[in-house]
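Asker: Please see the structure below; I have some questions.
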Amino acid sequence: MQFARVNDVTIHYQVIGGPADRPVIVFANSLGTDFRIWRDVIVRLAGEFPIILYDKRGHGLSDIGKTPYSIEDHAADLAALLDLLNVRDAVICGLSVGGLIAQAICQTRPDLVKALILCDTASKIGSADMWNARIAAVEEHGIPSIVNAVMEKWFTPAFRNPDNIAFRGYCNMLARQPNEGYAATCASIRDADYTEAAAHIAVPTLCIVGDQDGSTPPDLVRKTAELIPGARFEVIKDAGHIPCVEQPEALSDLIRNFINTTNTAGEAQ
Ligand SMILES: O=C(O)CCC(=O)CC(=O)O
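Residues 1 to 269, numbered by full-length UniProt numbering, are exactly what the sequence shown covers, in order.
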């Protein structure tokens, strides 16, 4: 296990070595998850690319830190971690709030970003009312009280079969995140809007969405892709909000193909 101290929080991360002449892929996960959600993608891409995974503050084995947070706080943690690891020009693959963090870091630290993969995310996610209701539910009754509702957005009905032990495991993953870190991250999503910034993204970008995503549906992700100059847009079949869990092969193929067809000068071919 690897831990780093950045911005007064302990961050849990993992580095998986790969060919030095290939870009580093940095995976930033979604609300209420830790970096284990990428496992089935990592086993497919390991050996082809160096890989970095991490738990954002308030999630997994990372500290909760001082709350509330902003997306810029999350982005500053990731930037500090990459500085510590001497990483520049990475491909940042962000899922949902991880995609907001990727958009933020693109603005604040463009030297760290060679390309963006925005997975099941948007330039703005949800409304203030929706996030305030979610924060109130978590503060009053804890994350377990919202697990069933959230799972309907995360996964397709086929995956939500009660006999699917992986489904049970991901319910546990969400329920066991710290309430305070989860609620603080909800507030950071509520307050983030990268709609104006999207037009200024100057790196090759791939936007991906599961066809049954209930949190950031295909139309929302398509609209975000349309705001970003030259962005590609792909839909993964039979997936909800977390395609790295439900359709890891399709997602890995899209990531590999995107990187392999993006030249070192930073232009999509
Ligand atoms: O998944 C995220 O990072 C935020 C978007 C969302 O609303 C997902 C959820 O419902 O948990």
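Every residue gets a Cβ at the ideal spot worked out from N, C-alpha and C, and that includes glycine.
For K114, report the span of its alpha helix (DSSP H) as first-last.
Answerer: Looking up residue 114 in the sequence shown gives position 114. Premise fails: K114 lies in the beta strand (DSSP E), V113 to C119, not in any alpha helix (DSSP H).
Asker: Under 5 Å from any heavy atom of ligand 2, by CB: list those residues in chain order, please.
Answerer: With respect to ligand 2, the structure shown offers nothing to examine, as its ligands consist of ligand 1.
Asker: Between the region 64 to 81 and the region 115 to 134, are three or more C-beta pairs nearer than 8 Å?
Answerer: no
Asker: Just how far apart, CA to CA, sit L85 and P178?
Answerer: As a position in the sequence shown, residue 85 is number 85, starting the count at 1. As a position in the sequence shown, residue 178 is number 178, starting the count at 1. Cα-Cα distance, rounded: 27 Å.
Asker: In whole angstroms, what is the alpha-carbon distance linking C186 and G142?
Answerer: Indexing the sequence shown from 1 puts residue 186 at position 186. Indexing the sequence shown from 1 puts residue 142 at position 142. Spanning the two alpha carbons is a distance of roughly 13 Å.
Asker: Taking buried to mean at least 16 other C-beta atoms within 10 Å of its own C-beta, is D213 buried or exposed?
Answerer: Along the sequence shown, one-based indexing puts residue 213 at 213. Flag for D213 reads buried.
Asker: Could you check the C-alpha separation between A197 and Y54 for me, to the nearest Å?
Answerer: The residue labelled residue 197 in the question sits at position 197 within the sequence shown. The residue labelled residue 54 in the question sits at position 54 within the sequence shown. Their backbone Cα atoms lie some 25 Å apart in a straight line.
Asker: What residue range does the beta strand (DSSP E) around Q2 cover?
Answerer: Taking the first residue of the sequence shown as position 1, residue 2 is located at position 2. Per DSSP, Q2 belongs to the beta strand (DSSP E) from Q2 to V6.
Asker: For R39, count neighbouring C-beta atoms within 10 Å of its own C-beta (all shown protein chains included) and say buried if the count is 16 or more, exposed if not.
Answerer: The residue given as residue 39 occupies position 39 in the sequence shown. Exposed, by the Cβ-count rule.
Asker: What does a CB cutoff of less than 7 Å around A137 pick up in its chain, not counting 5 residues either side in sequence?
Answerer: Taking the sequence shown and counting its residues from 1, the one referred to as residue 137 is at position 137. Excluding residues within five positions, the ones whose Cβ falls inside 7 Å are S145 and I146.
Asker: Where do the ends of the beta strand (DSSP E) carrying E234 lie?
Answerer: Residue mapping note: residue 234 aligns to position 234 of the sequence shown, counting from 1. Where E234 is concerned, the enclosing beta strand (DSSP E) stretches over R232 to I236.
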